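Engineer: Just so you know, the sequence shown maps onto residues 2 to 403 in my numbering.
I'd like to ask you about the structure that follows.
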Amino acid sequence: MNSQRRTTANNRRRKMPVQKPAKTRVKREKLSLKLGEFDYTFLFLVFILLAFGLVMLLSASTPSANTKIGDSYYFFIRQLGGVVLGSAGLVFFAMVDYHKYKKLIKSAFVIGVILLVCCRIPGIGQFRNGAWRWLRTPFIQLQPSEFMKPLIALYFAKLVSEKKYRPDTLNGLAFYGVHLAVIALIMWLLQSHMSGAIVICAIGVMVLVVGGARIRYFVTVGLCLVPLAFVYIQQDPMRLGRVLSFVDPFRDTGDKSYQITQSLIAIGSGGLFGRGLGQSVQKYGFLPEPYNDFIFAIVCEELGLVGGLIIIALFAALVARGIKIAMEAPDTFGMLTVIGIISHVAIQTVFNIAVVCCAMPTTGISLPFFSFGGTAVMVLVAEMGIVLNVSRQSTKIKKLPK
């Protein structure tokens, strides 16, 4: 009887869990945070949009590439090269802790501003399509304004997180406003790239608003800039023609309204389900540069309203997932950085689709992941790596098995 009791007591001792010291549990939690997984939903959405974009670029650019260059795959191959380089950047930024390059952001921002100015220097910059927006390099043509989009997000996120210049005060807001004004003036006066300046300023404003700035200050500044915008439009007949074409897209279909008219024809002829992939008619010399700013019109013509809505839904899902990652970021710097990067995607997507559908005046803003542009797609894909890195360091500590 006594031996049975001793056996039962020993079995109970064996089954009792051993309590590990608190220090060990803390180490396990830190290890879990360090080795957290990426947000695979966000990564999947990026790859889906990239795949969609490459397929549609190949379809939209083939006639133009064959006519202008004599190589049907000219634009596609260069876009693919930008995607490959951007993917390498994505892997790098996803693996390296984003806090480690925080000290380099200010220097990178200054270099970015210098490169904007260098575009206007003959021999270094390149004049193309009536503007100085590119740099000559031995291998590829670089557009520095594309680098400024993530740099403005990183730089403002760094300053706001350090609380040296608080955006909820007038002095702090003036400090950020000077930076945005300098960039806008450089791009306006030296590059004639007002649309790019608008996107960069919008990204900076989004970071500041989320960082605590009051919206009424920006509304006041915007209202004060209305007379300046009116003068800016009046100075150039082309700009004025674009505004009038927005008011009445069929007023001058042979000249000022030609591009937007052809875009609306492409969207309308696609119907509900489209003509079919590769079956666009407008890309054969009717719609100018269908592989660039107006590629969404070709998407709607070939894939119809359903295809267009699917792509819009993918962009919306990507932005929503990015906001979720920002909300779970481990610190203010990570949160504001993700907000800035996601704002880049959201702002350009909304502006581009609005222009293509004649919901706003025509301006040169590309559609992320779709429009042709080696520098643009390279920088954009690399930016997604920063978002993945922040998601890897989410404040949610995953439970490891005991």
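For each residue, glycine too, the CB sits at the ideal point set by N, CA and C.
A quick note: this is a predicted structure, and the numbers were derived from the prediction, not measured.
1) In whole angstroms, what is the alpha-carbon distance linking Gly305 and Ile268?
2) Assess contact between the region 134-144 and the region 305-314, defined as three or more Cβ pairs (one per stretch) separated by less than 8 Å. Is contact present?
3) With DSSP as the reference, please indicate the residues paired to Pro123 in a beta bridge.
4) Helix, strand or coil for Arg26 per DSSP?
5) Using CA atoms only, rank isn't needed, just tell me which of Met379, Ile354, Gly365, Thr338 is closest to Lys103.
6) Per DSSP, which residues does Ala132 bridge with? Please list them.
7) If you pair each beta-carbon of the region 197-206 with each one of the region 368-384, do three or more pairs fall below 8 Å?
8) In chain order, what residues of the same chain lie with their CB nearer than 7 Å to the CB of Cys119, ignoring the 5 residues before and after it?
9) Grouping DSSP H, G and I as helix and E and B as strand, with all else coil, what is Lys31?
10) Could you check where the alpha helix (DSSP H) with Ser392 kicks off and where it finishes?
11) Reducing DSSP to helix, strand and coil, say where Leu186 ends up.
12) Whole angstroms are fine: how far does the CA of Ile49 sit from the CA of Val346?
13) Could you tell me which residues DSSP pairs with Leu143 in its beta bridges?
14) With C-beta atoms as the reference, is Gly1 less than 8 Å away from Val92?
15) Do three or more CB pairs link the region 254-263 to the region 282-302 at distances below 8 Å?
16) Could you check if Gly71 is buried or exposed, using at least 16 other CB atoms within 10 Å of its CB as the buried criterion?
17) List the whole-angstrom C-beta distance separating Leu319 from Ala95, where the pair is believed to meet the contact cut-off of C-beta under 8 Å.
18) Please name the residue in Val211, Pro362, Lys159, Pro123 whose C-alpha comes closest to that of Met328.
19) For the putative contact between Leu384 and Pro151, defined by C-beta atoms under 8 Å, what is the C-beta separation to the nearest angstrom?
20) Indicate the three-state DSSP secondary structure (helix, strand or coil) for Arg167 in the structure shown.
21) If we count the other Cβ atoms within 10 Å of its Cβ and call it buried at 16 or more, is Lys101 buried or exposed?
22) Please check the pair Pro362 and Phe247, which I expect to be a contact at CB under 8 Å, by giving their CB distance rounded to whole angstroms.
23) Among Pro64, Ala66, Leu81, which has the Cα closest to the Cα of Phe53?
24) CB-CB under 7 Å to Gly189, same chain, minus the five flanking residues each way: which ones, in chain order?
25) Around the C-beta of Ala98, are 16 or more other C-beta atoms found within 10 angstroms, so that it is buried, or is it exposed?
26) DSSP state of Gln263, grouped into three classes?
27) What are the start and end residues of each continuous alpha helix (DSSP H) run of 4 or more residues lying completely inside the region 298-376, in chain order?
28) What does the Cβ neighbour count give for Pro369, buried or exposed, with the cut at 16 atoms within 10 Å?
29) Between which two residues does the alpha helix (DSSP H) holding Gln80 run?
30) Grouping DSSP H, G and I as helix and E and B as strand, with all else coil, what is Ser270?
31) Which of the three DSSP states, helix, strand or coil, is assigned to Ile70?
32) Excluding the 5 residues flanking Val206 on each side, which residues of the same chain have their C-beta closer than 7 Å to its C-beta?
33) Does the distance from the C-beta atom of Ser162 to that of Thr333 stay below 8 Å?
34) With Met149 and Phe371 assumed to form a contact (beta carbons below 8 Å), what rounded beta-carbon distance in angstroms separates them?
Structural biologist: On the basis of the coordinates in this document:
1) The sequence position of residue 305 within the sequence shown is 304, counting from 1. The sequence position of residue 268 within the sequence shown is 267, counting from 1. Rounded to whole angstroms, Gly305 to Ile268 spans 7 Å at the Cα level.
2) With the cut-off at 8 Å, the region 134-144 and the region 305-314 do not touch.
3) Counted from its first residue, the sequence shown places residue 123 at position 122. Partner(s): Gly126.
4) Translated into the one-based positions of the sequence shown, residue 26 becomes position 25. Because the pLDDT of Arg26 is 42, which lies under 50, any placement of that residue in the model is unreliable, and the question is left without a value.
5) What you label residue 103 is simply residue 102 of the sequence shown in a count that begins at 1. The candidate whose alpha carbon is nearest that of Lys103 is Thr338.
6) Here residue 132 is taken as the residue at index 131 of the sequence shown, counted from 1. Looking at the DSSP assignment, Ala132 forms a beta bridge with Arg129.
7) No: fewer than three Cβ pairs fall under 8 Å.
8) The count along the sequence shown starts at 1 and reaches residue 119 at position 118. Same-chain partners within the cutoff: Ile125, Gly126, Leu136.
9) Translated into the one-based positions of the sequence shown, residue 31 becomes position 30. Since pLDDT at Lys31 reaches only 44, below the 50 mark, its modelled position is unreliable, and the value read off the structure follows with that caveat. Lys31: helix per DSSP, three-state reduction.
10) Here the question's residue 392 lines up with position 391 in the sequence shown. 375-393 is the extent of the alpha helix (DSSP H) around Ser392.
11) Here the question's residue 186 lines up with position 185 in the sequence shown. If DSSP states are grouped into helix, strand and coil, Leu186 belongs with the helices.
12) Within the sequence shown, residue 346 is the residue found at index 345, counting from 1. Within the sequence shown, residue 49 is the residue found at index 48, counting from 1. So the two alpha carbons sit approximately 15 Å from each other.
13) Reading the sequence shown from its first residue, position 142 is the one you call residue 143. Per DSSP, Leu136.
14) Any property of residue 1 remains undetermined from this structure, which presents the chain solely from 2 to 403.
15) They touch, by the three-pair rule.
16) Working through the sequence shown from its first residue, we reach residue 71 at position 70. That one is exposed.
17) Position 318 of the sequence shown holds residue 319. Position 94 of the sequence shown holds residue 95. Going by Cβ atoms, the distance from Leu319 to Ala95 rounds to 16 Å, so no, they are not a contact pair.
18) Indexing the sequence shown from 1 puts residue 328 at position 327. Of the listed residues, the one whose Cα sits closest to Met328 is Val211.
19) Within the sequence shown, numbered from 1, the residue matching residue 384 stands at position 383. Within the sequence shown, numbered from 1, the residue matching residue 151 stands at position 150. Going by the sequence as given, residue 384 is Glu instead of Leu. The distance from the Cβ of Glu384 to that of Pro151 is about 5 Å, consistent with a contact at the 8 Å cut-off.
20) In the sequence shown, counting from the first residue as 1, residue 167 sits at position 166. Arg167 sits in coil when the DSSP states are folded into three classes, being neither helix nor strand.
21) For the purposes of this step, residue 101 is identified with residue 100 of the sequence shown, where counting begins at 1. Looking at its Cβ environment, which holds fewer than 16 other Cβ atoms inside 10 Å, Lys101 is exposed.
22) For the purposes of this step, residue 362 is identified with residue 361 of the sequence shown, where counting begins at 1. For the purposes of this step, residue 247 is identified with residue 246 of the sequence shown, where counting begins at 1. 4 Å between Cβ atoms; contact.
23) Translated into the one-based positions of the sequence shown, residue 53 becomes position 52. Each of Pro64, Ala66, Leu81 was checked against the Cα of Phe53, and the nearest Cα belongs to Leu81.
24) Numbered from 1 along the sequence shown, position 188 holds the residue referred to as residue 189. Position check: residue 189 holds Trp in this sequence, whereas Gly was assumed. Excluding residues within five positions, the ones whose Cβ falls inside 7 Å are Met195, Ala198.
25) Start at 1 with the first residue of the sequence shown, and residue 98 comes out as number 97. According to the sequence provided, residue 98 is Asp. The question's Ala does not apply to it. It counts as exposed.
26) Numbered from 1 along the sequence shown, position 262 holds the residue referred to as residue 263. Three-state result, Gln263: helix.
27) Taking only runs of at least 4 residues, the alpha helix (DSSP H) segments lying wholly in the region 298-376 are 333-357.
28) Counting from 1 along the sequence shown, the entry for residue 369 is found at position 368. Taking a 10 Å sphere around the C-beta of Pro369, we find 16 or more other C-beta atoms and assign the residue as buried.
29) The residue you call residue 80 lines up with position 79 of the sequence shown. That run of the alpha helix (DSSP H) goes 75-96.
30) One-based indexing of the sequence shown puts residue 270 at position 269. Assignment of Ser270 by DSSP, reduced to helix, strand and coil, places it in the helix class.
31) Here the question's residue 70 lines up with position 69 in the sequence shown. Note: Ile70 maps to coil in three-state DSSP.
32) Taking the first residue of the sequence shown as position 1, residue 206 is located at position 205. Apart from sequence neighbours up to five positions away, the residues of its chain that approach Val206 with a beta-carbon distance below 7 Å are Phe219, ordered along the chain.
33) One-based indexing of the sequence shown puts residue 162 at position 161. One-based indexing of the sequence shown puts residue 333 at position 332. A contact, by the Cβ cut-off of 8 Å.
34) Indexing the sequence shown from 1 puts residue 149 at position 148. Indexing the sequence shown from 1 puts residue 371 at position 370. Contact between Met149 and Phe371 is ruled out by a C-beta separation of about 21 Å, above the 8 Å threshold.
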